[in-house]
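Novice:
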Amino acid sequence: MKIFNALLFTLAPLIVTAQTVDYNKIVIPERITAVTFDERLVQLAWKNHPSNKIVQQNVEIAKNEKNLARWAWLDNIYAVGNLNEFTIEPSSNERSTFYPRYNFGVRFSLGTFVQTPIQTKIANGQMVNANHLVNQQKLLIRDEVLTSLEKMKESYKILKLRQFVKEEFYQMYKEAEKKFQTNEINLERLRATLQEYYGRSEDLIQAQSSFNQEKINLESLTGIKLEDVEGYSAFLAKLDEEAKQDL
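If you use mature numbering (1 follows the signal peptide of the UniProt record, and there is no 0), the sequence shown corresponds to residues -18 to -1, 1 to 229, in order.
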């Protein structure tokens, strides 16, 4: 048991390292085009949604602030030029020595040696945080897109089921209508069958609305209509096959 615990303690850092998130798998880079329909939607959402652009722009801002902090010490170096009658036409006049053409100087306050490293460290931290926010946003956008897609899949299959059920009740109504004409059932039974058919029609309308809403929600993330996304037709065809198997 002691040997096992020692081995586990030794391998623990390797296990943790192996579990590090590869954010290029969370959002596959746009240059990679051979991706599934699901991953393509994640790519589009990352590319087009304004919230993602904000966190990416914050990284650029953090880079600039980092550069400003690194070179802030240059504010203490200065050069001054003098332009007057003594510098334009130098003479042997002693007064010209008090008006040199160029002045160059360096000045440092004691705080410079403390503030510059601290400001650079703060800027580095802000840069790291900005990158963390980008990675966090990648996780969030992936979750939102794939969750929305699953809801749309569910609503589509329910829609297909409602279509099938409505057709079944329509056939039942037509059969009841024939039986009514031959006096096999009474008017009350015919009306009950018709009401059942109307109920299934209402269910279908609700299912269609639910699917449309889920589709709209997904399109609000990707920024484009799903019909314009490569692979959408094949995606629906696959759902049709799955829906048939569920019937």
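Ideal Cβ positions, reconstructed from N, Cα and C, are used throughout, including at glycine.
Grab me the residues of LYS120's own chain with a C-beta within less than 6 angstroms of its C-beta, minus the 5 sequence neighbours each way, in chain order.
Specialist: TYR5, ILE8 and VAL9
Novice: Which value, in whole angstroms, describes the spacing of the CA atoms of ARG124 and THR102?
Specialist: For ARG124 and THR102, the distance between alpha carbons rounds to 33 angstroms.
Novice: Where GLU212 and GLU47 are concerned, what is the direct C-alpha to C-alpha distance, given to the nearest angstrom?
Specialist: C-alpha of GLU212 to C-alpha of GLU47: approximately 40 angstroms in a straight line.
Novice: Please classify VAL110 as buried or exposed, where buried requires at least 16 neighbouring CB atoms within 10 angstroms.
Specialist: It counts as exposed.
Novice: Output the distance between the C-alpha atoms of VAL24 and THR175, rounded to the nearest integer angstrom.
Specialist: Cα-Cα distance, rounded: 46 angstroms.
Novice: Is it buried or exposed for TYR180, if we count other Cβ within 10 angstroms and need 16 for buried?
Specialist: exposed
Novice: So, under 8 angstroms CB-CB, ASP222 and LYS142 are touching, yes? Tell me the CB distance rounded to an integer number of Å.
Specialist: 7 angstroms
Novice: Going along the chain, which residues of its own chain have a beta-carbon closer than 7 angstroms to the beta-carbon of GLN190, five neighbours each way excluded?
Specialist: LEU141
Novice: Alpha carbon to alpha carbon, how far is SER33 from LEU122? Give it in angstroms, no decimals.
Specialist: Approximately 11 angstroms between the Cα atoms of the pair.
Novice: According to the neighbour-count rule (16 or more other Cβ atoms, all chains shown, within 10 Å of its Cβ), is GLU201 buried or exposed?
Specialist: buried
Novice: Assuming GLU209 contacts LYS133 (C-beta within less than 8 angstroms), just tell me the rounded distance between them.
Specialist: Between LYS133 and GLU209 the Cβ distance is about 18 angstroms, and since that is not below 8 angstroms, they are no contact.
Novice: DSSP on ALA158, reduced to helix/strand/coil?
Specialist: Note: ALA158 maps to helix in three-state DSSP.
Novice: What is the DSSP secondary structure of ASN199, counted as helix, strand or coil?
Specialist: helix
Novice: Please confirm whether any heavy atom of the ligand ZN lies closer than 8 angstroms to the CB of ILE167.
Specialist: Looking at this structure, you won't find the ligand ZN or any other ligand, since it has none at all.
Novice: What are the boundary residues of the alpha helix (DSSP H) that ARG52 is part of?
Specialist: 32 to 52
Novice: Assign ALA112 to one of two classes, buried (16 or more other C-beta atoms within 10 Å of its C-beta) or exposed (fewer than that).
Specialist: buried
Novice: Applying the 10 Å Cβ sphere with the 16-neighbour rule, what's the burial state of SER215?
Specialist: exposed
Novice: Residue 232 to LYS35, Cα distance in whole Å?
Specialist: As shown, the chain starts at -18 and ends at 229. That puts residue 232 outside it, with no answer to give.
Novice: Measure the beta-carbon distance from GLN188 to VAL116 and round it to whole angstroms, keeping in mind my assumption that it falls under 8 angstroms.
Specialist: Actually they are not in contact, since the Cβ atoms of GLN188 and VAL116 sit about 40 angstroms apart, beyond 8 angstroms.
Novice: Going by other Cβ atoms of all chains shown within 10 Å of its Cβ, with 16 needed for buried, is THR204 buried or exposed?
Specialist: buried
Novice: Are there 16 or more other CB atoms within 10 angstroms of the CB of ALA158, so buried, or fewer, so exposed?
Specialist: The residue in question, ALA158, is buried, as its Cβ has 16 or more Cβ neighbours within 10 Å.
Novice: What does a CB cutoff of less than 6 angstroms around ALA27 pick up in its chain, not counting 5 residues either side in sequence?
Specialist: ILE123, VAL127, LEU203 and THR204
Novice: Can you list, in chain order, the residues of its chain with a C-beta nearer than 7 angstroms to that of ALA16? Leave out the 5 residues immediately preceding and following it.
Specialist: none
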